[in-house]
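Here is the structure we will look at, set down as C-alpha cells.
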Amino acid sequence: MAPDNLPETTHGDHTPVATHEPIPDPGLPAHQWRPTDVDPKAERRAERQVASLFVLAALGAVGFIASYVIFKVGDNPDTIANLGASNLMLGLCLAVTLLGMGAGMIQLARKLMADHEIVEMRHPAASSQADREAAVDILKTGLDESGLGRRPLIRNTLLAAGGVLGLLPVVMLRDLGPLPGDKLDHTIWDIDTWTPEMQAWWTTQNRTLQRVVRDVVGTPIKVTELEIGDLVNAEPEVMFAVDAETKQPIVEGTQLLVDKSKAAVILHRMLPSDIVSAQTLNWSVDGIVCYSKICTHVGCPISLNERTTHHLLCPCHQSTFDLADSGRVLFGPAARALPQLQLTVDDEGYLAAKRDFTEPVGPSFWERG
Amino acid sequence: MDLDTSKIADTNRGTPATAKKPNKAGAVAGWADDRLSLGTLTRVFARKVFPDHWSFMLGEIALWSFVVLLLTGTFLTLWFNPSMSDTVYQGSYAQLRGVPMSDAYSSTLHISFDVRGGLLMRQMHHWSAMLFIAAMFVHMMRTFVTGAFRKPRELNWVIGSLLLLLGILEGFAGYSLPDDLLSGTGLRIADGLVKATPVVGTYMSFFLFGGEFPGDIVIPRLYILHVLLIPGLLLALIGAHMLLLVFHKHTQWAGPGRTEQNVVGFPMLPVYAAKAGGYFFMVFGVTALMGALLSINPIWKYGPYDPSKVTAGSQPDWYMGIAEGLLRIMPNWETHIWGVTLSWNVMIPGQILPMVLFGMIIAWPFLEQWVTGDKREHHLLQRPRNAPTRTAFLAAMVTVYGLLWAAGGNDILATNFHWSLNSITYFMRAAIFVIPPIVFYVTRRWCIGLQRADNDRLLHGYETGIIMRSAEGGYAERHLPISEDAAYTLTARQRDEVHEIESEVDENGVAAPGTRSDRIRAKLSQGMYADNVQKPTAEELEEARHHAEHSHELEAGLDHPAAGHEFDDHALRDADDVPLRQH
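Line by line, the protein sequences give chains A and B.
Note that our numbering has the first sequence beginning at 6, numbered continuously upward.
Note that our numbering has the second sequence beginning at 34, numbered continuously upward.
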C-alpha cells in the first residue's frame with residue numbers, strides 16, 4: 006500500500022472527545038489531609054494497627070505449622086462441626102496469615118502512605134502519521150529486498166509447502182482413536198460380538214440364552230422374585246463371568262465400563278393388564294419389562310421410578326419415559342423412546358434376553374438413521 | 034558523543050577502572066541495570082497512575098484468583114495421578130477401602146485424606162476456580178455497562194471474552210479429572226453433546242475418548258489440557274490483557290479535573306503496589322477461609338464413576354448452569370431424514386446457542402461502533418443510566434442467564450419448593466422469551482427516568498426537604514443548587530447523536546450502494562439513542578439559574594424567611610447555614 010492510501014490520523018479520529026460544555030471543568034479539587042497526616046496521635050494509632058496486623062499474620066503462620074504437626078488428617082473429615090480438624094485449623098491459620106498480611110498492607114497504603122493523586126496525560130494509541138508512513142516504507146523495502154514479489158514461483162511453492170506442512174499435525178491426530186465402525190450399534194447383549202475369552206466361557210455354560218442378572222452382585226433373577234412395582238438395575242450375566250482357572254473376571258477394567266455404558270438395563274414389574282403397547286407386552290414376561298438404562302438424550306443412566314404410573318425419570322435432564330408403552334417419551338428433552346430388550350425365561354426359570362437391542366442405545370448420533 | 038572513559042580499562046594491572054560502589058543494594062541494581070536497563074523501565078512505569086474506584090477491583094479479583102489457582106494447582110499435581118488404570122483403594126477413608134476405582138479417583142482421595150493440607154488445597158483450588166470465573170463475569174459486566182470496551186479497548190474486550198471462554202473450559206476439564214461419579218456424569222453429557230454433531234459427531238467422540246466412551250485415556254488428555262495447554266493460553270492472554278491495560282492507561286470516571294485527556298490517581302509505587310499486593314493477600318485469604326469452612330465437591334461421598342449409576346439432583350459447577358438449563362428446557366426436536374439423525378434437542382442448546390451467545394459478546398463493541406459511527410477514543414466511563422439501551426440489554430441478558438440457571442436446577446426447585454417439575458420446565462420455556470423483553474423495557478425506561486432526574490438536579494437543584502409556605506398559603510419545597518463540582522460531573526458526558534440516512538439515492542437517482550445497511554443503521558441508532566435524555570445546554574442552565582434567583586427573590590420578600598429549622602435544635606448549634614448535603 007502506498008503511504009498516501011493510509012487513513013489519516015486526523016484529529017476527529019483519534020483525539021478523545023472533549024466534554025467541557027455546558028459547564029467548564031472546575032479542575033481537580035484541593036487535596037484534603039487525612040487525620041493521620043495532621044494528628045500525630047492518629048498516625049501512631051494507624052502505625053500500631055498495621056504492626057498488629059503483621060504480627061497477627063506471623064502468629065497465623067506459626068499456628069499453621071503447629072496445626073500441621075498436631076492434627077492428623079485421618080479418615081474422618083467431620084471432626085469439628087462437620088469439618089475436618091486438620092483442614093479447619095490449617096485453613097483458618099492460613100486465612101489469618103494471609104488476611105493479616107493483606108489488611109496490614111492496605112491499611113498502610115490508606116492511612117500512612119502519601120495520598121497525593123497524580124495526573125498523567127494520555128496519548129492516542131495510534132502511531133504518528135510519520136511513523137505509519139515509515140512503517141509502510143520499511144515493509145515495502147523488506148518485500149522488495151526479499152524478492153518474493155518478483156518471483157511468484159518461489160512465493161507460490163513456499164505457500165504450498167507451508168500449507169502441506171500445516172496438514173501434518175492434523176494427520177498426526179488421526180490415531181487419537183479408532184473409527185466408530187458399527188460399535189455403537191451393538192451391545193454386549195449380542196453374544197456374536199463377544200471376544201474369544203467370553204465365547205470360551207459361554208461354551209462352558211451350556212446355555213443358549215444370556216440371563217439378565219442383578220447389577221453389583223450378579224445373581225440371576227426368577228420371575229417370582231419381583232413384586233409388582235419393583236424396579237431392578239440389571240446387567241448381562243457375562244459381565245460377572247469368572248475364568249474357571251484364574252478366578253479372574255473375564256470382562257474388567259475399561260472394557261467393563263464401556264460395555265456397562267451401553268448394556269445397563271432396568272427391569273420393572275407391573276400388572277400385564279397395565280401394559281399399553283402390544284410390543285411391550287410381547288417382549289415382557291408376566292408383566293416384567295426390560296429397558297435400556299441409558300437415556301436417549303445425552304446418555305445419563307435413568308433411575309427415578311414412579312412406581313404407580315410406570316414412568317421413569319432421568320435425573321440429569323428430567324426426560325420421562327413410559328415403561329408401559331414402549332418407553333415412549335412423555336416429557337423432557339429426549340426425542341426417542343427408550344430401547345426395550347426382549348425378555349424371556351430360560352430352561353431353569355431365570356429371566357434372560359431373547360436377543361440384543363434392535364436399535365443403538367444411548368444418545369443420538371448422525372449415522373444412527 | 035562523549036565516551037565515558039571511566040568504564041574502559043586502560044591497563045592490565047591494578048584494579049579494574051570502575052566507579053566506586055555506593056552500597057550493596059546500589060551495586061546489585063547497577064549490575065542488573067547494566068544488563069536489563071531497569072532504570073529506564075522504573076522511570077517509566079514505577080510511578081504509573083491508576084485511578085481508584087471499587088469497580089476496578091473486580092478484574093483484580095480474577096487476576097489474583099488465577100494466581101491462587103496456579104499455586105494450589107501446582108501443589109495438587111505433586112500427588113494427583115491422572116490415570117484411568119484400575120486400582121483398589123487402600124487409604125485412610127474407611128468407607129471406600131477395598132473398592133476398585135481408577136488411579137485418578139484414588140489419588141484424589143489420597144490428597145484429601147492422607148496429605149496434610151491436601152483437602153484444604155483441593156477445596157481452595159475449587160473455590161478459587163469459582164471465584165475466577167465469577168470475577169471475570171462481573172468484571173465483564175462492569176466493563177460492558179460503563180462502556181469501557183469502546184475505542185481503543187475493543188481488542189482487550191475480545192481478549193477478555195476469550196479468557197472467559199478458556200476459563201470455563203479449564204473449569205470443566207478440572208471438574209472431570211477426579212473421575213468420581215459426578216465428574217464422569219459430566220463427561221457422559223459432554224460425550225452426548227459431541228455425538229450430536231452432524232456428520233462427524235461419532236468420530237469426534239471416538240477421537241476424544243480414544244474409542245468408545247468412557248475409554249481409558251480421556252482423563253490423561255484432559256489433564257494435560259488442564260495443567261499445561263489452557264493455563265499457558267490463559268497466562269499469555271492475561272499478559273496481553275495487562276499489557277494493553279498499561280498501554281491504554283486505565284479508564285476513569287468523569288469528575289473535576291478528570292478528563293478524556295488525562296488519568297488521575299495514585300502512583301504504582303508505593304500506593305497502588307501496596308494496595309494491589311494487599312488485595313492479593315485478601316483474595317488468597319478469603320479463599321483459604323472458604324477452603325477451611327465451606328466443603329466443596331466432596332468426591333468421597335459420590336464414589337468412583339460407574340456409567341450405570343447417577344445420583345438424583347446431579348448438578349454441574351455453577352458456570353455450566355446456563356448450558357444445563359438450555360439442555361433441560363429444550364423441546365425434544367429430532368429430525369430423521371435420508372437415513373441420518375439431526376438432534377436439534379442437543380445441538381441447539383449444547384452447540385449452537387452457546388456459540389451465538391459468545392459471538393454476540395465478542396461482536397458487541399464493533400456493532401455498537403457501527404451504529405453510533407463514533408470513531409473517537411473514549412477514556413471516561415459512562416454511567417449505566419447514560420447508555421439506557423446497552424444497560425437494558427445487559428439487564429435482559431442477566432435475566433436470561435438467571436432464568437437458565439434456575440432452569441438448570443429445575444429438579445432442585447421442584448423438590449425444595451414442592452412445585453411440579455413439568456410446570457417449571459413449561460414456565461421456563463415461555464419465560465425465556467417473555468421476561469427478558471419486559472426487563473429490557475423496564476430497565477431502559479428506568480435509565481431514562483434517572484437521566485431526567487439528573488437534569489432536574491442540574492436545572493432546579495436538589496430537594497432540601499424544607500417546605501415553604503407562600504403568602505397565598507401554597508406550599509412548595511425549596512430547592513438549592515448542587516455544587517459546581519457535582520454539576521460538572523453530571524454534565525461531563527457526550528450528547529448522543531442519532532444517525533440519519535443521508536440520501537437514499539446517489540446523484541444519478543440510482544439507489545445508492547449500502548443504502549440497505551445504512552437504513553438498518555439509522556433504525557438501530559434511532560431505537561438505541563433517540564429516547565435518551567440529553568444534558569442541558571448552557572442556555573438552558575442559564576435560564577434555570579435565572580428562574581431560581583427569581584423565586585429566591587420572592588421568598589426573600591416573606592415576613593419570616595423560613596429556614597426550615599423552626600422545630601429542631603439547629604439554632605442551638607454553632608454552625609453556618611450551609612447546604613445540607615454536598616451534591
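All C-beta atoms in this analysis are idealised placements derived from N, C-alpha and C, irrespective of residue type, glycine included.
Treat the numbers as computed from the prediction; the structure is a model and nothing was measured.
Cβ contact check for the stretch 208 to 225 of chain B and the stretch 169 to 183 of chain B: 3 or more pairs under 8 Å: no
Using the DSSP secondary-structure output, state which residues sit across from B/D119 in a beta bridge. B/D119 pairs with B/S135.
Alpha helix (DSSP H) runs wholly inside the stretch 316 to 396 of chain B, at least 4 long, in chain order: Entirely contained in the stretch 316 to 396 of chain B, the alpha helix (DSSP H) runs reaching 4 residues are, in chain order, 354 to 362, 377 to 380.
I'd like the span of the beta strand (DSSP E) that includes B/D66, first residue to last. Per DSSP, B/D66 belongs to no beta strand (DSSP E); it is in the alpha helix (DSSP H), 57 to 69.
Three-state class that DSSP yields for B/F299 in the structure shown: strand
Which of the three DSSP states, helix, strand or coil, is assigned to A/L64? helix
On the DSSP bridge assignment, give the partners of A/C295 in chain order. Under DSSP, A/C295 forms a beta bridge with A/L272, A/L346.
Looking at the secondary structure, which residues open and close the alpha helix (DSSP H) in which B/Y236 lies? 234 to 242
List the residues of chain B that A/W371 touches, going by C-beta distances under 9 Å, in chain order. K228, A229, T230, P231, V232, V233, G234, T235, V373, T374, L375, S376
Is there a Cβ from chain A that is less than 8 Å from the Cβ of B/D518? yes
By the 10 Å Cβ neighbour count, where 16 or more other Cβ atoms means buried, how is B/M461 classified, buried or exposed? buried
Consider the Cβ of A/Y73: report whether some Cβ of chain B lies at a distance smaller than 8 Å. yes
Does DSSP classify B/E530 as helix, strand or coil? coil
Check distances from the C-beta atoms of the stretch 294 to 311 of chain B to those of chain A and list, in chain order, the residues that come in under 7 Å. Q294, N295, V296, V297, G298, F299, P300, P303, V304, A307, K308, G310, G311
Where A/M126 sits in the DSSP three-state scheme: Strand.
What first and last residue would you give for the beta strand (DSSP E) that runs through A/D327? Following the DSSP letters along the chain, one finds A/D327 inside the beta strand (DSSP E) bounded by residues 325 to 327.
Mind listing the chain B neighbours of A/C295? Cutoff is C-beta to C-beta under 8 Å, in chain order. When 8 Å is used as the limit between beta carbons, A/C295 is near no residue of chain B, the shortest such separation being about 14 Å.
For the alpha helix (DSSP H) containing A/Q112, list its first residue and its last residue. 90 to 112
Leaving out five residues before and five after A/L184 in sequence, what residues of the same chain have Cβ atoms less than 7 Å from its Cβ? none
How is A/H302 classed by DSSP in three states: helix, strand or coil? coil
So which residues on chain D does B/L196 lean against when the C-beta distance must stay under 7 Å? Absent from the structure: chain D. Protein chains present are A and B.
Cβ-based burial, A/A269 [other Cβ within 10 Å; buried from 16]: buried
N- and C-terminal bounds of the alpha helix (DSSP H) containing B/G219: 214 to 228
Going by DSSP, which residues form a beta bridge with B/V178? In DSSP, B/V178 forms no bridge with anything.
Proximity of A/M126 and B/V304 at Cβ, strictly below 8 Å: no
Do the stretch 141 to 155 of chain B and the stretch 105 to 117 of chain B touch if we need at least three Cβ pairs shorter than 8 Å? yes
Give the straight-line distance between the Cα atoms of A/G167 and A/L158, rounded to the nearest whole angstrom. 14 Å
Between the stretch 422 to 431 of chain B and the stretch 159 to 178 of chain B, do three or more beta carbon pairs fall short of 8 Å? yes
Quick one: which chain A residues come within Cβ less than 7 Å of B/Y521? I28, D30, P31
State the Cα-Cα distance for the pair A/R360 and B/A447, rounded to the nearest angstrom. Each residue's alpha carbon lies about 39 Å from the other.
B/A345 versus B/D551: straight-line alpha-carbon distance, rounded: 54 Å
Chain B contacts from the stretch 132 to 159 of chain A (Cβ-Cβ distance under 9 Å): none
Taking just the CA atoms, how far does A/P320 sit from A/G304? 11 Å
B/G494 versus B/H512: straight-line alpha-carbon distance, rounded: 5 Å
Could you tell me whether the stretch 91 to 100 of chain A touches the stretch 319 to 326 of chain B, using the rule of 3 or more Cβ pairs below 8 Å? yes
Against chain B: residues of the stretch 308 to 328 of chain A by CB proximity under 7 Å: S308, L309, P320, C321, H322, Q323
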